[in-house]
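These notes concern the structure reproduced below.
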Amino acid sequence: MVFRAVFKAIQALVLLTIGAIVIFIAALTWSYYFDVTSGAEPFSSSNWVELSNPYKITNDPGCVRGGMALDLIQKEILKSKTKEQVSEILGTPDKISDSTFSYELGQCSGLGWHNSILVIKFMNNSVHNLNIVRDAS
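In case it helps, my numbering puts the sequence shown at residues 47 to 183.
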């Protein structure tokens, strides 16, 4: 009888430990792929342009424009802006396609060692969507 109670207690402890490990691994995985490791900071067009080359000073710059990118998204600063207006505010994009502008943010995801990019999608020449993505290259 005592043996059975001890066995059940050990079994419950093992299950709790396994559950905690699974949750920890899931949180790390989410952070690795999706989390931006910067808090929002007030957007400044002059600071944004000044930091346009995050690797100018060092090969490990950190998340130099990620906080401002979060502010752009949260406050919808670029909502309904044209491509020309976005270029005036953010400067020349690092990559341009017919419907997308991309701006380097620095190393904002993957626990700080993967490059992140602000991707701005346009529809009918106005901002449709902003998203921070991990650089696939």
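Every residue, glycine too, gets a C-beta built ideally from N, C-alpha and C.
Since the structure is predicted, the reported quantities are computational estimates derived from the model, not experimental observations.
(request) Could you tell me whether the segment 97-117 touches the segment 53-67, using the rule of 3 or more Cβ pairs below 8 angstroms? (result) no
(message) For M169, list the residues DSSP reports as bridge partners.
(response) Translated into the one-based positions of the sequence shown, residue 169 becomes position 123. Note: M169 sits in a beta bridge opposite S172.
(request) Return the chain-ordered list of same chain residues with a C-beta closer than 8 angstroms to the C-beta of N171, the five sequence neighbours on each side being excluded. (result) As a position in the sequence shown, residue 171 is number 125, starting the count at 1. Cβ neighbours of N171 beyond the five flanking positions: T128 and K129.
(request) Count the other C-beta atoms from every protein chain shown that fall within 10 angstroms of the C-beta of M114, then say buried if there are 16 or more, exposed otherwise. (result) For the purposes of this step, residue 114 is taken as the residue at position 68 of the sequence shown. Flag for M114 reads buried.
(message) Quick check: L164 and I142, are their CB atoms within less than 8 angstroms of each other?
(response) What you label residue 164 is simply residue 118 of the sequence shown in a count that begins at 1. What you label residue 142 is simply residue 96 of the sequence shown in a count that begins at 1. Cβ atoms of L164 and I142: not closer than 8 angstroms.
(message) Helix, strand or coil, according to DSSP, for K141 in the structure here?
(response) Here the question's residue 141 lines up with position 95 in the sequence shown. Strand at K141.
(message) Quick check on the burial criterion: 16 or more other C-beta atoms within 10 angstroms. Buried or exposed for L59?
(response) Position 13 of the sequence shown, counted from the start, is the residue given in the question as residue 59. Classification for L59: exposed.
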